[in-house]
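In this note's numbering, the protein residues as written are 78 to 371.
Taking it in order: structure first as structure tokens, then the write-up.
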């Protein structure tokens, strides 16, 4: 049997209602040469029995709880498509998502990844606003990613299988910012395409990972450590860019610790790290004065 053009990988955990909505949004695509792989991360049979397993849908059940990066890698290994898409269980695609994204990669064979923009919605899919301004072009994905992750959710991307293999798939040791690390790894080898269309509904609710401050901080700093080590060895021209932005992230953490978290010593230690990372930023010294006087 001929392999599908696109493999859609949906990580799932204890949210069958959302998973079925995500699956339905794929089944409603105008582009129909795809397979859907749901990788359930140890939810249990009482949840997986509620999934809508129809034609084109394959269910893989993990017996041990892992992380989003590990779950996506399981889906990648089980997939057959030339292109890979990652749809989070919370999110929804508009009907022309796949057609538009596939067209972009077909027209730009040098690109490894295309991303669209999103519309933020609540749990009932009501628009809530707060979206970033759509990008029409992106000159250097790598330079931009060294300053932070500008792709809001993996549900906005379509990528080539060979590009995913080339970048080593998702780093399973990074819990909470694995998508950012994945984009950085790919941008070292391939260009990105930005589509201005809002083709993904990005569902925001209290249980999302970005609300877990400590987990996200640890993951963010792990990505910056990894990126700085790579730049020092492979791309010296990017070292200052990475150091500047690493310092900025440390400064933001220090200010948060000094403020809402009431962790004065932690704030002082962190702002010292920020200054050591990039001693040329006036903002670091303003923050230092504020933290020491608090």
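Glycine included, each C-beta is placed from N, C-alpha and C at the ideal position.
- prompt: Helix, strand or coil for residue 359 per DSSP?
  reply: Against the chain shown, residue 359 aligns to sequence position 282. If DSSP states are grouped into helix, strand and coil, residue 359 belongs with the helices.
task: Determine the closest residue to residue 174 out of 110, 250 and 201, with distance taken between C-alpha atoms.
output: Reading the chain shown from its first residue, position 97 is the one you call residue 174. Of 110, 250 and 201, the residue nearest in Cα terms is 110.
- request: Mark residue 334 as exposed unless 16 or more other C-beta atoms lie within 10 angstroms of its C-beta, in which case mark it buried.
  value: Position 257 of the chain shown holds residue 334. That one is buried.
task: Could you check which residue in 165, 315, 132 and 305 has the C-alpha nearest to that of residue 146?
output: In the chain shown, residue 146 corresponds to position 69, counting from 1. Among 165, 315, 132 and 305, the Cα nearest to that of residue 146 belongs to 165.
task: Can you tell me the Cβ-Cβ gap for residue 235 and residue 344, rounded? I've got them flagged as a contact below 8 Å.
output: Residue mapping note: residue 235 aligns to position 158 of the chain shown, counting from 1. Residue mapping note: residue 344 aligns to position 267 of the chain shown, counting from 1. Going by Cβ atoms, the distance from residue 235 to residue 344 rounds to 41 Å, so no, they are not a contact pair.
message: Quick check on DSSP: helix, strand or coil for residue 131?
response: Taking the chain shown and counting its residues from 1, one reaches residue 131 at position 54. In the structure shown, residue 131 sits in coil (DSSP, three-state: anything other than H, G, I, E or B).
CB contact flag (residue 160, residue 232, <8 Å): Here residue 160 is taken as the residue at index 83 of the chain shown, counted from 1. Here residue 232 is taken as the residue at index 155 of the chain shown, counted from 1. Not in contact: residue 160 and residue 232 (Cβ atoms no closer than 8 Å).
- prompt: Mind pulling the alpha helix (DSSP H) runs of 4 or more residues that sit fully within the segment 207-295?
  reply: 218-222, 238-244 and 255-264
field: residue 139 versus 149, 83, 132 and 221, residue with shortest Cα-Cα distance
entry: Here residue 139 refers to the residue found at position 62 of the chain shown. Of 149, 83, 132 and 221, the residue nearest in Cα terms is 149.
task: With DSSP collapsed to three states, give me the class of residue 137.
output: On the chain shown, residue 137 is found 60 positions in, with the first residue counted as 1. Looking at residue 137 - three-state DSSP - the assignment turns out to be strand.
Other residues of its chain near residue 340: CB distance less than 8 Å, five sequence neighbours each side excluded: Here the question's residue 340 lines up with position 263 in the chain shown. Hits under 8 Å: 334.
query: Using the C-alpha atoms, what's the distance from residue 95 back to residue 130?
result: Locating residue 130 in the chain shown gives position 53, where the first residue counts as 1. Locating residue 95 in the chain shown gives position 18, where the first residue counts as 1. Taking the straight line from one Cα to the other gives about 14 Å.
field: Whole-angstrom C-beta distance between residue 277 and residue 357, which should lie under 8 Å
entry: On the chain shown, position 280 is the one that residue 357 refers to. On the chain shown, position 200 is the one that residue 277 refers to. Actually they are not in contact, since the Cβ atoms of residue 357 and residue 277 sit about 38 Å apart, beyond 8 Å.
- request: Inspect the CB distances between the segment 117-128 and the segment 85-103 and report whether three or more fall short of 8 Å.
  value: yes
query: Using CA coordinates, which residue listed in 82, 245 and 271 is at the minimum distance from residue 229?
result: Within the chain shown, numbered from 1, the residue matching residue 229 stands at position 152. Comparing Cα positions, the closest option is 271.
- prompt: Any idea what DSSP makes of residue 147, helix, strand or coil?
  reply: For the purposes of this step, residue 147 is identified with residue 70 of the chain shown, where counting begins at 1. Three-state DSSP puts residue 147 in a helix.
- request: Would you tell me roughly how many angstroms separate the C-alpha atoms of residue 126 and residue 201, rounded to the nearest one?
  value: As a working mapping, residue 126 is identified with position 49 in the chain shown. As a working mapping, residue 201 is identified with position 124 in the chain shown. Using only the alpha carbons, I get a separation of about 23 Å.
message: Can you look up residue 193 in the DSSP assignment and give me helix, strand or coil?
response: As a position in the chain shown, residue 193 is number 116, starting the count at 1. Strand, per DSSP.
Residue of 243, 325, 298 and 337 minimising C-alpha distance to residue 363: The residue labelled residue 363 in the question sits at position 286 within the chain shown. Nearest C-alpha to residue 363: 325.
Residue 103 at chain D interface by Cβ criterion, 8 Å: Given the protein chain composition of this structure (a single chain), no chain D is represented.
- prompt: Which word fits residue 156, buried or exposed, when buried means at least 16 other C-beta atoms lie within 10 angstroms of its C-beta?
  reply: Taking the first residue of the chain shown as 1, we reach residue 156 at position 79. That one is buried.
- prompt: Among 176, 141 and 85, which one has its Cα closest to the Cα of residue 381?
  reply: The chain is shown only over 78 to 371; residue 381 falls outside these bounds and no answer can be derived.
- request: Just the C-alpha distance for residue 207 and residue 222, rounded to the nearest angstrom, thanks.
  value: By 1-based counting over the chain shown, the position of residue 207 is 130. By 1-based counting over the chain shown, the position of residue 222 is 145. About 21 Å.
field: Option nearest residue 107 by Cα separation, candidates 311, 151 and 170
entry: Within the chain shown, the letter at position 30 stands for residue 107. Of the listed residues, the one whose Cα sits closest to residue 107 is 170.
query: Near residue 80, which residues of its chain fall below 6 Å by C-beta distance, leaving aside the five closest residues on each side in sequence?
result: Your numbering for residue 80 matches position 3 in the chain shown. So the list reads 157, once near-sequence residues are dropped.
task: Identify, in the order they occur along the chain, each residue of the same chain with its Cβ nearer than 6 Å to the Cβ of residue 116, setting aside the five sequence neighbours on each side.
output: Position 39 of the chain shown, counted from the start, is the residue given in the question as residue 116. Cβ neighbours of residue 116 beyond the five flanking positions: 88, 137, 148, 151 and 152.
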